[in-house]
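Notes to accompany the following structure.
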Amino acid sequence: EQQVIAKELTRQQMEAVRLTKASQMMVEAHQSKWKEIWAEGEKRWAKKLEEQEEKHELELEQLQVEFDRREALKKNNYSMQVRDMLLVEQKLLEGHNYEEAAAIRSRVKHKEAEERRGFEINRQKRKEEAIQR
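So the sequence shown is numbered by my numbering: it starts at 43 and just counts up by one.
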């Protein structure tokens, strides 16, 4: 009877050890699965944050370009008015009448406007190419 009890006790101890090991393996598998899920999630968030950071940097750069352009336009508008007045005055001194001087000023302004439009178009193309990259 003692042998039977000893065998049963040993069997139960072995079963407890087996169940403990199985339980530990399940816990480890579960933990490793969640570690992988967390690592994957962190990678995705890092990628999203990086993409958003790049997007914000591009937007900031575009805003800075736009701000610089507007500041340049403010200065340019004033200088264009001064140049127009100087050009008219110069043409009047050369012997042209006021209407001829105004026509010359108009042609010069038209030519400068075409050059600016060409520059704007080129800048827009470069901006679109940068965005596509």
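Beta carbons: idealized from backbone N, C-alpha and C, even for Gly.
Buried versus exposed call for residue i [16 or more other C-beta atoms within 10 Å across all chains shown]
i, result
"Ala143", "buried"
Option nearest residue i by Cα separation, candidates the options
i, options, result
"Gln123", "Val150, Phe109, Arg165", "Val150"
"Arg175", "Arg53, Leu100, Ala58", "Leu100"
"Glu108", "Ile173, Gly83, Arg165", "Arg165"
"Ile173", "Val46, Glu50, His98", "His98"
C-alpha distance - residue i paired with residue j, whole-angstrom precision
i, j, result
"Tyr140", "Asp126", "13 Å"
"Glu96", "Glu70", "38 Å"
"His152", "Lys89", "49 Å"
"His138", "Glu154", "22 Å"
"Leu105", "Lys77", "41 Å"
"Glu93", "Arg168", "21 Å"
"Glu113", "Ser121", "13 Å"
"Gln34", "Met67", "With the chain covering only 43 through 175, there is no way to say anything about residue 34."
"Glu103", "Lys75", "42 Å"
"Met56", "Ala64", "12 Å"
"Gln44", "Ala58", "21 Å"
"Thr52", "Trp80", "41 Å"
"Gln84", "Arg60", "At residue 84 the sequence reads Glu, which differs from the Gln that was named. So the alpha carbons of these two residues sit roughly 36 Å apart."
"Ala170", "Ile163", "It should be noted that the sequence gives Glu, not Ala, for residue 170. So the two alpha carbons sit approximately 11 Å from each other."
"Asp110", "Arg158", "15 Å"
If we count Cβ pairs, one from each stretch, closer than 8 Å, do we get three or more for the region 144-153 versus the region 128-136?
yes
Completely contained beta strand (DSSP E) runs for the region 115-148, where each covers 3 or more residues
none
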